[in-house]
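Trainee:
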Amino acid sequence: MVKEQKKPGVPPAFQIDRHLQKDIRAEYGYFLNIATDLNQLFNRGEIEGTEEQRRRWIRRLKRLEKKFRGLNIPTDL
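Heads up, the sequence shown is in our numbering, so the first residue is 10 and it goes up one at a time.
1. Over what stretch of residues does the alpha helix (DSSP H) that includes A35 continue unbroken?
2. For the region 55–85, list the alpha helix (DSSP H) runs that are entirely contained and at least 4 residues long, ordered along the chain.
3. For L47 and L70, which I take to be in contact (beta-carbon distance under 8 Å), what is that distance rounded to the nearest angstrom?
4. Taking C-beta to C-beta, are I33 and I82 nearer than 8 Å?
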(Lines of atoms letter the chains of each structure in order from A and count residues from 1; the text may use other names and numbers.)
(Lines give C-alpha, C1' and ligand atoms only; values in the text may rest on other atoms or scores of the structure.)
Protein backbone atom coordinates (compact mmCIF):
# COMPACT_ATOMS: atom_id res chain seq x y z
CA MET A 1 0.00 0.00 0.00
CA VAL A 2 2.83 2.39 0.85
CA LYS A 3 4.56 1.69 -2.47
CA GLU A 4 1.31 2.33 -4.33
CA GLN A 5 1.00 5.72 -2.66
CA LYS A 6 4.49 6.66 -3.80
CA LYS A 7 3.54 6.08 -7.44
CA PRO A 8 -0.06 7.17 -7.91
CA GLY A 9 -1.60 6.01 -11.16
CA VAL A 10 0.77 3.04 -11.48
CA PRO A 11 -0.97 -0.28 -10.91
CA PRO A 12 0.60 -2.65 -8.38
CA ALA A 13 2.76 -5.51 -9.65
CA PHE A 14 0.71 -8.45 -10.88
CA GLN A 15 1.55 -11.88 -9.52
CA ILE A 16 0.21 -14.89 -11.41
CA ASP A 17 -1.10 -17.61 -9.14
CA ARG A 18 0.37 -21.12 -9.63
CA HIS A 19 -2.88 -22.69 -10.86
CA LEU A 20 -3.28 -19.96 -13.46
CA GLN A 21 0.31 -20.55 -14.58
CA LYS A 22 -0.45 -24.21 -15.19
CA ASP A 23 -3.65 -23.35 -17.06
CA ILE A 24 -1.90 -20.79 -19.27
CA ARG A 25 0.93 -23.21 -20.02
CA ALA A 26 -1.54 -25.99 -20.88
CA GLU A 27 -3.62 -23.75 -23.16
CA TYR A 28 -0.48 -22.38 -24.84
CA GLY A 29 0.72 -25.92 -25.60
CA TYR A 30 -2.75 -26.95 -26.75
CA PHE A 31 -2.98 -24.01 -29.15
CA LEU A 32 0.49 -24.62 -30.60
CA ASN A 33 -0.29 -28.31 -31.17
CA ILE A 34 -3.54 -27.51 -32.95
CA ALA A 35 -1.92 -24.77 -35.05
CA THR A 36 0.88 -27.17 -36.07
CA ASP A 37 -1.61 -29.90 -36.97
CA LEU A 38 -3.73 -27.50 -39.01
CA ASN A 39 -0.72 -26.13 -40.86
CA GLN A 40 0.34 -29.68 -41.77
CA LEU A 41 -3.16 -30.50 -43.01
CA PHE A 42 -3.27 -27.33 -45.10
CA ASN A 43 0.18 -27.99 -46.55
CA ARG A 44 -0.75 -31.54 -47.53
CA GLY A 45 -4.06 -30.38 -49.03
CA GLU A 46 -6.09 -32.57 -46.69
CA ILE A 47 -8.59 -29.84 -45.81
CA GLU A 48 -11.59 -29.93 -48.11
CA GLY A 49 -12.95 -26.84 -49.80
CA THR A 50 -12.03 -24.56 -52.62
CA GLU A 51 -8.52 -23.19 -52.97
CA GLU A 52 -9.82 -19.75 -51.96
CA GLN A 53 -11.45 -21.17 -48.82
CA ARG A 54 -8.22 -22.91 -47.83
CA ARG A 55 -6.19 -19.74 -48.44
CA ARG A 56 -8.66 -17.76 -46.30
CA TRP A 57 -8.38 -20.28 -43.45
CA ILE A 58 -4.59 -20.27 -43.70
CA ARG A 59 -4.57 -16.46 -43.48
CA ARG A 60 -6.88 -16.55 -40.48
CA LEU A 61 -4.74 -19.15 -38.74
CA LYS A 62 -1.58 -17.12 -39.39
CA ARG A 63 -3.26 -13.99 -37.98
CA LEU A 64 -4.36 -15.91 -34.90
CA GLU A 65 -0.86 -17.36 -34.42
CA LYS A 66 0.62 -13.87 -34.73
CA LYS A 67 -1.81 -12.46 -32.14
CA PHE A 68 -1.16 -15.37 -29.82
CA ARG A 69 2.61 -14.99 -30.08
CA GLY A 70 2.15 -11.24 -29.57
CA LEU A 71 0.91 -11.97 -26.07
CA ASN A 72 4.55 -12.73 -25.20
CA ILE A 73 3.63 -15.52 -22.83
CA PRO A 74 6.85 -16.56 -21.09
CA THR A 75 7.76 -20.20 -21.59
CA ASP A 76 9.05 -20.43 -18.03
CA LEU A 77 5.76 -19.71 -16.27
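Using N, Cα and C, we set each Cβ at its ideal position, and we do this for glycine too.
Mentor: For this structure:
1. For the purposes of this step, residue 35 is taken as the residue at position 26 of the sequence shown. Segment R27 to R53, the alpha helix (DSSP H) holding A35.
2. 60–79
3. Counting from 1 along the sequence shown, the entry for residue 47 is found at position 38. Counting from 1 along the sequence shown, the entry for residue 70 is found at position 61. Sure, about 6 Å apart at Cβ, within 8 Å.
4. Reading the sequence shown from its first residue, position 24 is the one you call residue 33. Reading the sequence shown from its first residue, position 73 is the one you call residue 82. Against a cut-off of 8 Å, the Cβ pair of I82 and I33 comes out as a contact.
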